[in-house]
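Note sheet for the following structure.
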Amino acid sequence: MILTLKSDTTPQQLQELTAYLNKHHIQHIQVELSRLLVLPKNNAAELTEHFTCIESATHTTQSFPLASLEWKTRTQVAVGNQVIGADDFSVIAGPCSVENEEQIYAVAEYLHSRGVPYIRGGAYKPRTSPYSFRGLGKKGLILLHNAAKTYNLKVVTEIMDLHLLDELMEYADVLQVGSRNMQNFYMLNELGKQNKPVLLKRGMHAKAKEWLLAAEYILSGGNEQVVLCERGIRSFDSDMRNVMDIGVIPFVKQLSHLPVIADPSHGTGDASRVTAMAMAAAAAGADGLMVEIHPLPQQALSDKQQALSFDEFDILLERLNALLPAVNKKAPTQSGVFKLQTL
Ligand code: PEP
Ligand code: MN
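Counting from 2, one number per residue, gives the positions in the sequence shown under our numbering.
Here is the structure:
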């Protein structure tokens, strides 16, 4: 159950309510920076009778009340002048890793020319081997930020660890939590206290409801700006890097009000299948995409097999232009389509 307190609730009224809950051993969590209390039990009548500071009580049956559709119908996450989860289809694209100035500026200029509003790029990379390229660190973050500024793009980049929070808060518009960190609960807790959108990727072994419980960690900290990202799950098929779970998109939308985007790059691991799965995700109701692109895919320092060239990404955008009207979405440009003037 979620209790919403009146806006003029005094600290003393709150203290009386929590003292009552404690006395009756009613477990509860106060959502930081907001007027919400989350209780596992549904004894609203008794509470609302006793405490006039309670504005409303919402019954939820899910273990993730704040992420649940029972609590809210739709969340729209604002990123500057952009909104994720509205009618605009949010395309985020960029290299797996920021590699150098020339590369990231080329990507930023290209995205700007197509009307794509977000640039992604890892500065701190999670790599399976410690000997692989692990990103440029702060230097990469600053390059990404400057390239984005030059071309009026929003920055989406991964937070690998909490000690990087201050840096990321300064240089990123959206904090990406990677698949490997989806259940880093202490990090999720801290991100819940920040005023910055969080892109929460699905853990590669995570069930849909575990993913929503991870989102609940952020929401229960008081940060409502959460976007989910399906990026494929591990399976028995060694020919696939991951298996893109298209079915989870409508499933999560049946359970939650949070926007869901899809990452067909990590979801397939192979550039030749990225566009097909991007279309499938859009058709399944995704609110956007995150796609890896590179000026010279074969020279990429990480994930080169799955990176699309600019020409290949143009084809993806062209197909999106054709598909989006059928799912009541549009490109976030004035004309409502991605700009493909050079095709
Ligand atoms: C990435 O987006 O570059 C990345 C590392 O993704 P994931 O966490 O999904 O593996
Ligand atoms: Mn990658």
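Glycine included, each C-beta is placed from N, C-alpha and C at the ideal position.
From a predicted model like this one, the values you see are computed outputs, not experimental measurements.
For residue 177, the three-state secondary structure derived from DSSP is strand. For residue 304, the shortest separation between its Cβ and any heavy atom of ligand 2 lies below 8 Å. Taking residue 13 as the centre and dropping the five residues before and after it, the same chain places no C-beta closer than 7 Å to its C-beta.
Ranked by Cα distance from residue 65, the first of 196, 2, 113 and 121 is 2.
Nearest C-alpha to residue 304 among 325, 314, 335 and 242: 242. Using a 10 angstroms sphere on the CB of residue 121, the tally of other CB atoms reaches 16 or more, which defines it as buried. Of all alpha-carbon atoms in 335, 306 and 282, the one lying nearest the alpha-carbon of residue 320 is that of 282. Rounded to whole angstroms, the separation of the alpha carbons of residue 290 and residue 263 is 5 Å.
Remark: the C-beta of residue 133 is outside contact range of ligand 1, defined as less than 8 Å to any heavy atom.
Going by beta carbons, residue 297 and residue 318 fall outside the 9 Å limit. By a beta-carbon distance limit of 8 Å, residue 259 contacts residue 229. Their separation comes to about 5 Å. Taking all protein chains shown into account, residue 269 has 16 or more neighbouring C-beta atoms within 10 Å of its C-beta and is therefore buried.
A Cβ-Cβ distance of about 5 Å is found for the pair residue 203 and residue 231, placing them in contact under the 8 Å criterion.
Bridge partners of residue 89 according to DSSP: 331. As a beta-bridge residue in DSSP terms, residue 78 pairs with 85. Taking each of 108, 20, 234 and 105 in turn and checking the Cα distance to residue 208, the smallest one comes out for 234. In the structure shown, the three-state DSSP call for residue 40 is coil. Contact between the region 169-180 and the region 16-26 is not established, with fewer than three Cβ pairs separated by less than 8 Å.
Spanning the alpha carbons of residue 329 and residue 277 requires a straight line of approximately 19 Å.
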